[in-house]
Each structure stands twice: as C-alpha cells, then as structure tokens.
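Student: Under the numbering used here, the first residue of the sequence shown is numbered 15, with each subsequent residue one higher.
Glycine included, each C-beta is placed from N, C-alpha and C at the ideal position.
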Amino acid sequence: MTQTALVVSGLLILLLGSGVWIGLGLMATGGIGLLIFKSTPVAALLGQLSWNSATVAELSSLPLFVLMAEILFRTRIAASIFDALAPWTTWLPGRLAHVNVAASTIFAAVSGSSAATAATIGRITLPELARRGYSQSLTMGSLAGAGTLGFLIPPSIVMIVYSVLAQVSLLDMFMAGIIPGLVLAILLSLTIVIMTLIKPELLPKEKETFTWAHRFSALKKLAPVVILVGTIIGSMMTGIATPSEAAAVGVIGAILIAMAMRDITFAGFRQALMGTVFTSSMIGLIVIGAGFLSTSMGYLGVPRAVAEAIAPLNLGPVGLIMLLLLVYLVLGCFLDGISTIVMTLPMVLPLVVGAGYDPIWFGIFLIVTVEMAQITPPVGFNLFVIQGLTNTSTMQVAKAAFPFFLAMLVFAGLIVAAPGIVMWLPRLGN
C-alpha cells in the first residue's frame, strides 16, 4: 500500500511540475492510479464525480463572489478606503502604514482573493505612502502581509474550495474566518508598531495632523463598502440568506457602487464578466479534478497508507499539526494555495480528523499556512504583485515581508493553542 502511495504522489508531482493544468493533472493522477492498481471503470467514475462536484450547492456562490470582486476592482473604492482611514491612523506608532492593514482588512471582505487585495490596495497606498516619506520596506512588507487577509476574511474563494472538498458547511467556514481575520489584522498592526518603535527612521519626520471634524467627515467615504460588507456577512450570519443568495446581493451592491462612483462602463462590465468566467472555470476544473483524485485515493487506500507511515512517529495531535505546518510551509515555497490544498487534502484531512480536530478548524489553520505561502519565495504570489507595483526584486519584497511572516507564524501557533478563536462563532451559530 505504501508503494501505491509513493507512485500516486510521484505521478502527481511529475504532472503538475511539467506544467499540465492543475485540474487535468489531478484527474490524470487519479485515473492512471486506478488503471494501474485497480479494475475500476475510470470513465464512468469520472463522469459521475464530475457531475457531483460541479453541482454542489456551495459552489454556486463562487462565480457571484468573483464577479462582485471583479466589478469593485474596476472602481475607485480603494482610493475611498484610503482617504477615509488615513486621518484615523496618525495617532498610532507607525501612523499611515496601518492603512495598508486596515484597508486590506476591509477590502478582503469584498474581494475573496489575496492577490486581488494586495494589487487593489497597493495601487493606491504604495505611491501615496512613498510620496509622504514612508520607508519602502515598511510599506511593501505591511501590504504583503495584510494582502493575505483576502484568503481568511469571508467571503473567500479558498474557503469555498475547501468547504466543497472537505464537505463542510460553507456558512460555518465563513463564520469561522471572521474572528481569526480580525485577530491577525491586529497582530499585523502590532508588528508595524514594534518595527517603528525600534526604527523610527522608517517613518517621515513630519507628522500629519487632522481635526476631528475632518476625521468624521472622511468616514462617509467608507459607507458604501461597509454597507455592502455588513449586508453580505450579516444576512448570512442571521440566516436571512444562504451564501449564494448573499453573493447575488453582493453583485447587485457592487454594480450600484460602481454606478454611483461613475466607474462602470459597458466595456468594463464586459471585462468583469470575462474575468469571472476565466477564474470560475479554472477553479471549477480544479474542484472537479480534486474530487476525482480524492475518491481515487480512497479506492487506492492512500490515506490509510499515509496514516500507517506516520503512526510509528508516535505524534500527538499537536505534534501532527506542527509537522503539517512545516510540510505546508515547504510546499508553499513552490505551489500556490489552491494547488497545495487540493493536492494534500485527500491524504491529510482523515489524519487530522482522526487526531480529534474539527475540519472547520483545520480549514482555517490550512488557510493561514496558505497565507504564509503567499509571501515566501520563490513562488509567493503577493511578492510578485508587489514587485510589479514597485519595480523592485522579489527578494527585496520577501525581506520586507519577513517580520509579517513571523507574525503570521505566531498567529498559527495561537489558534493551535486556543482553537476557540476559530470555533466560537460557528458554535454560536449552531
């Protein structure tokens, strides 16, 4: 059985490493494994599982949330968020650098994507903070870390994929991400405080001042996005709407915001629709491939073989999680987040559940490790995004992001030590 696991894992690495589309690589790995080791009718199984995976109710919210983000990406909403938050951060050690964290936290609630959050907020904050004399390493690093919140704060595309693959409630996943997302945002801001207290030269010498009238007046610019986020999250948490219904409301809200800002054109709306088709098709193919691979591995006994291989290590539950954290950090250096999840979940989830962990909790833990992978070289998507915005090297961005990587590592340990941070809201809802 161990030989089967090694063959399947090697085949998967070979296919994905050769540049084959992720979804097709997953399907091919499962199909070839069944043809070699079993007499299962691959074509019939693939057809049935493809239909089952593509018609999961939770998946219907995916294209709607993607469309909402695509529309807002083409508006001036990020500029409005910056203008509203800037007057409120000047009293903190680190001053306007905190806008990267606060703005990313807010925009994450309407984007669902880490790279989109970093790109949208960075287009506004990076040149503006550079103009005001803030250290480039501080602004790049804080944006790299805060941009990852797009994965953790609902509605998150990665959460939707995980809930489908792990067969857990999407609403519970969304609720589980709210408190961890806010706690992580606080830790990232605390990192800025510590860095700027140690090195005051990271900040400009002249300190901007704002009147209270200016501060409260600026908050009006947050109203559209706050109302949109409150409607989406509130309707789901109160049971008024399902995730799919809330996503539909989000699309309508995004269109209204774009129209009110006079940012929407027919060409722009068409681009948003095409972007939604491309992204949703890519993720849909990955979900189908992952579902087929998961079932194939079950037939082949791969999860059991992995469990038998780990058993002699005599790891306790915490030891297992620490081992998985190390594995995911290594994988994150070479693979994107969704690829990492779909590759490993069929083997890892049974081990984690067997060790007594809730699959909802593990989903959040896994997303945190994926967030860390977004800012680790050589394949950290947030690093590439910020590199493109600043014309610096990937390693310069990675060096700037390292303190925020450490903050996320501390946060991973925190939710292991205190799982209630993740599970309080889902349990309250149930």
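(1) What residues in its chain sit with their C-beta under 7 Å from that of alanine 232, if we drop five residues either side in the sequence?
(2) Which ranges does the beta strand (DSSP E) cover as unbroken runs of at least 3 residues, wholly within the region 38-97, from first to last along the chain?
(3) What is the DSSP secondary structure of phenylalanine 398, counted as helix, strand or coil?
(4) Could you give the distance in angstroms between the alpha-carbon of serine 151 and the alpha-carbon of cysteine 347?
(5) Helix, strand or coil for isoleucine 278? Go by DSSP, reduced to three states.
(6) Compute the distance between the beta-carbons of leucine 143 and valine 115, then report whether it is under 9 Å.
(7) Would you mind listing the alpha helix (DSSP H) stretches within the region 229-263 that are 4+ residues and don't spill past its ends, in chain order?
(8) Would you identify the three-state DSSP class for aspartate 186, choosing helix, strand or coil?
(9) Could you give the DSSP three-state label for isoleucine 389: helix, strand or coil?
(10) If you follow the alpha helix (DSSP H) that proline 364 is part of, which residue opens it and which one closes it?
(11) Report all residues from its chain with a CB closer than 8 Å to the CB of tryptophan 375; omit the five preceding and five following residues, and keep chain order.
(12) Within 8 Å, do at least three Cβ pairs link the region 72-81 to the region 57-64?
(13) Relative to the C-alpha of isoleucine 167, which residue among Asp372, Ala122, Ala262 and Leu340 is closest?
(14) With a Cβ-Cβ cutoff of 9 Å, do proline 169 and isoleucine 246 count as a contact?
(15) What is the DSSP secondary structure of glutamate 220, counted as helix, strand or coil?
(16) Using CA atoms only, rank isn't needed, just tell me which of Ala111, Ser23, Ala129 and Ile138 is closest to isoleucine 95.
(17) Should alanine 268 go down as buried or exposed, given a rule of 16 or more other Cβ atoms within 10 Å for buried?
(18) Considering only the alpha carbon of each residue, which of Gly147, Ala111, Thr354 and Gly126 lies closest to glycine 136?
(19) My assumption, with CB atoms under 8 Å, is that leucine 242 sits in contact with isoleucine 206. Please give the rounded CB distance.
(20) Please name the residue in Phe416, Ala180, Val332 and Ala304 whose C-alpha comes closest to that of isoleucine 36.
(21) So, with DSSP's three-state summary, where would you put threonine 153?
(22) DSSP state of glycine 159, grouped into three classes?
(23) Run through DSSP, which three-state label would tyrosine 148 get?
(24) Using 8 Å as the Cβ pair cut-off and three pairs as the minimum, do the region 186-201 and the region 365-379 touch?
(25) Applying the criterion that 16 or more other CB atoms from any shown protein chain within 10 Å of the CB defines a buried residue, is methionine 361 buried or exposed?
(26) When the distance is taken between beta carbons, is alanine 158 closer than 9 Å to alanine 415?
(27) Does DSSP put glycine 315 in a helix, a strand or coil?
(28) Out of Leu338, Gly370 and Gly368, which one is the CA nearest neighbour of threonine 358?
(29) Does the region 118-133 come close enough to the region 395-411 to have 3 or more Cβ pairs within less than 8 Å?
Tutor: According to the data block:
(1) Asp97, Ala98 and Pro101
(2) none
(3) helix
(4) Approximately 21 Å, taken between the alpha carbons.
(5) coil
(6) no
(7) 237-251
(8) Looking at aspartate 186 - three-state DSSP - the assignment turns out to be helix.
(9) coil
(10) 351-368
(11) The residues are Ala190, Ile429, Pro433, Val436 and Met437.
(12) no
(13) Ala122
(14) Going by C-beta atoms, proline 169 is nearer than 9 Å to isoleucine 246.
(15) coil
(16) Ile138
(17) buried
(18) When only C-alpha atoms are compared, the closest one is Ala111.
(19) Not quite, the Cβ-Cβ distance comes to about 27 Å (not below 8 Å), so this is no contact.
(20) Ala304
(21) helix
(22) Looking at glycine 159 - three-state DSSP - the assignment turns out to be helix.
(23) coil
(24) Touching, yes.
(25) buried
(26) Yes, these two residues count as a Cβ contact at 9 Å.
(27) coil
(28) Comparing Cα-Cα distances from threonine 358 to each of Leu338, Gly370 and Gly368, the minimum goes to Leu338.
(29) yes
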